[in-house]
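Trainee: Once you've had a glance at the structure underneath, I'll fire off some questions.
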Amino acid sequence: MRLTERIRYVGVDDMRTDLFERQWPLPYGVSYNAYLVVDEKVALIDTAAAGFEDELLSNIKNEIGDKKIDYLVVNHMEPDHSALQKVILDEYPDCEIVTNAKAATMIEGYYGITDGIKVVKEGETLPLGGVSLRFHMIPMVHWPETMVTWCEEEKTLFSGDAFGTFKAVDKNVTDTKSGIFEDYKAEMTRYYACIVGKYGAPVQAALKKLNGLEIKRICSTHGPVWENSIPEVIALYNKLSLYEANPGVCLAYGTMYGNTEKAALALAEAIRSRGIPCAVHDLTTENYSFALRDVFNYDTLILGSPTYNNGIFPPVRQLMEAVVDRLVKGRKFFAFGSFTWAAASVKSLNELATAAGFEILSEGMPFKQGYSDDKFDASGLASLV
Ligand code: FEO
């Protein structure tokens with residue numbers, strides 16, 4: 013698809029993979045975006061995941077026919093974008109890979125390719141004829157080798173995973189139709205929380221580095237090409253990477269026999285009755301990525317866990333560890349849950365939340381055995397507004 017005379021979208025939609033990175037559900041699919049810059053020389057920017065060889069090559073040939081690709085620019089080495097490097101080199105044997113030194117070692121490590129690699133440094137440019145490409149390193153957004161490619165003449169940023177989102181592009185290769193950003197916002201937040209969430213500080217460094225660019229088009233590796241929603245997309249990334257959140261509650265729980273669930277629903281009803289948004293997630297039936305998304309959305313985290321093996325019920329521990337791993341900051345915290353003979357889960361959750369620097373709203377609401385209304389005690393949540 014032609015984005016401009018020179019810039020073409022040749023990415024693919026993946027509607028058949030259930031789990032991205034074998035762990036994150038894809039209810040709406042995902043895209044692996046690749047782009048051509050067609051000038052006197054032709055550059056391909058990134059490839060796609062394994063299994064999409066024919067589609068990628070067909071998309072390329074639809075755009076350039078028998079013309080050759082001169083350069084394969086590698087912005088990011090995660091295999092969802094790098095897996096087809098050899099396919100491209102087999103089809104275009106004179107094609108030179110253009111990337112940075114860290115990526116070059118990964119290209120050898122993953123694919124055994126050592127020849128025909130041009131290594132570029134921060135700020136270096138690659139002339140293509142009428143336009144040129146300039147490279148800027150943005151380490152840890154999402155891997156240490158990650159860089160972006162800037163085409164000054166087209167005011168286009170090829171941003172790698174930055175500003176990417178789950179949810180296939182389908183017909184929305186660009187965001188020209190109104191409402192596209194809103195359609196993707198939840199999946200963009202979930203993508204950020206799952207994939208990039210640990211790297212808030214590097215994302216901030218990247219945003220500062222790219223701040224001076226007069227960007228007309230963001231071509232990410234996942235999701236729509238952003239043209240009309242650039243301020244909104246950058247604002248969302250800025251907010252998420254600062255760990256800023258909206259007033260509201262992410263209430264996530266695990267339950268074995270339904271008692272902690274009853275308490276969760278009673279707490280959610282009490283919170284909502286005060287006009288406070290409250291997203292509820294049952295971690296025993298739902299992948300924890302959806303709760304993790306709402307940890308990034310809301311300023312209060314409430315976790316419910318029965319005591320299990322004198323500790324935290326494993327699905328709840330998994331979410332809490334993901335929150336800690338991502339260095340989430342500035343959340344208010346409350347825990348609750350059933351125990352049978354020893355109350356351990358709430359205490360353990362409070363310890364993890366304290367270590368994460370969260371504001372512990374109260375000692376929480378542990379309750380013995382079955383749940384009933386007389387065990388309800390949300391006094392610790394009185395300060396929520
Ligand atoms: Fe979409 Fe970090 O790869």
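Counting from 13, one number per residue, gives the positions in the sequence shown under the numbering used here.
Ideal Cβ positions, reconstructed from N, Cα and C, are used throughout, including at glycine.
#1: For ALA198, name the three-state secondary structure that DSSP assigns.
#2: Can you have a look at ASN250 and say buried or exposed, based on whether 16 or more other CB atoms are within 10 angstroms of its CB?
#3: May I ask you to report which of helix, strand or coil DSSP gives MET152?
#4: Considering only heavy atoms of ligand 1, list every residue whose Cβ is less than 7 Å from one of them, following chain order.
#5: Among THR312, PRO327, HIS234, TRP36, whose alpha-carbon lies nearest the alpha-carbon of SER374?
#6: Note down the Cα distance separating ALA365 from GLN381, rounded to an integer number of angstroms.
#7: Would you call the region 315 to 334 in contact with the region 177 to 190, where contact means no fewer than 3 C-beta pairs closer than 8 Å?
#8: Specify, as a first and last residue, the run of the alpha helix (DSSP H) that ALA280 falls within.
#9: Over the uninterrupted beta strand (DSSP E) stretch that includes PHE346, give me the two end residues.
#10: Taking the alpha-carbon of ASN362 as reference, which of TRP353, ALA354, ALA347 has the nearest alpha-carbon?
#11: Hey, which unbroken runs of the beta strand (DSSP E) at 3 residues or more fall wholly within the region 56 to 136?
#12: Would you mind stating whether TYR203 and HIS234 have Cβ atoms separated by less than 8 Å?
#13: Between the C-alpha atoms of GLU281 and GLU244, what's the straight-line distance to the nearest angstrom?
#14: Using beta-carbon positions only, say whether HIS88 and THR158 come within less than 8 Å of one another.
#15: Could you give the first and the last residue of the continuous beta strand (DSSP E) run that contains ASP294?
#16: Flag this pair as touching only if the region 335 to 350 and the region 65 to 78 have three or more C-beta atom pairs under 8 Å; answer yes or no.
#17: If you draw a straight line from the C-alpha of TYR47 to the C-alpha of CYS262, how long is it?
#18: Quick one: what's got a C-beta closer than 7 Å to PHE170's C-beta in the same chain, skipping five residues either side?
#19: DSSP beta-bridge partners for THR168?
#20: Just to confirm the assignment, what range does the alpha helix (DSSP H) spanning LEU252 have?
#21: Less than 8 Å between C-beta atoms, sequence neighbours within five positions excluded: which residues of the same chain meet that for TYR40?
#22: Identify which residue in GLY142, ASP102, GLU90, THR201 has its Cα closest to the Cα of THR117.
#23: To which residues of the same chain is ALA213 closer than 6 Å at the C-beta, ignoring the five residues directly before and after it?
#24: For LYS98 and LEU279, what's the separation of their Cα atoms in angstroms?
#25: Within a Cβ cutoff of 7 Å, which residues of the same chain sit near LEU339, ignoring the five residues on either side of it in sequence?
#26: Rounded to the nearest angstrom, what separates LEU140 and LYS130 at their Cα positions?
#27: If you drop the 5 nearest sequence neighbours on each side, which residues of the same chain put their C-beta closer than 7 Å to that of ALA303?
#28: In chain order, what residues of the same chain have a beta carbon less than 7 Å from the beta carbon of VAL208, not counting five sequence neighbours either side?
#29: Are the beta-carbon atoms belonging to ASN309 and ALA257 less than 8 Å from one another?
#30: Go to PHE379, then tell me how far its beta strand (DSSP E) extends in each direction, as first and last residue.
#31: Helix, strand or coil for ASN321 per DSSP?
Mentor: Reading it off the structure:
#1: helix
#2: exposed
#3: coil
#4: HIS88, GLU90, ASP92, HIS93, HIS154, TRP155, ASP173, GLY176, ILE207, THR233, HIS234
#5: Checking every option, the nearest Cα to that of SER374 belongs to THR312.
#6: 24 Å
#7: Touching, no, given that fewer than three Cβ pairs across the two stretches are closer than 8 Å.
#8: 271 to 285 is the extent of the alpha helix (DSSP H) around ALA280.
#9: Element bounds for PHE346: 344 to 351.
#10: ALA347
#11: 83 to 85, 108 to 111, 129 to 131
#12: yes
#13: 32 Å
#14: yes
#15: Segment 290 to 294, the beta strand (DSSP E) holding ASP294.
#16: The region 335 to 350, when compared against the region 65 to 78, does not touch it at the 8 Å Cβ threshold.
#17: One C-alpha to the other measures close to 38 Å.
#18: TYR47, ILE57, ASN87, VAL160, THR161, CYS231
#19: CYS163, ARG229
#20: 242 to 253
#21: These residues qualify, in order along the chain: PHE178, LYS179, ALA180, GLU199.
#22: Selected option, being the one with the closest Cα: GLU90.
#23: Answer for ALA213: no residue qualifies.
#24: 54 Å
#25: LYS210, GLY212
#26: Approximately 14 Å between the Cα atoms of the pair.
#27: Cβ neighbours of ALA303 beyond the five flanking positions: CYS262, ALA264, HIS293, LEU295, LEU331.
#28: A distance below 7 Å between beta-carbons, with the five flanking residues on each side excluded, links VAL208 to the following residues of its chain, in chain order: VAL153, HIS154, ASP173, VAL215.
#29: yes
#30: 377 to 380
#31: coil
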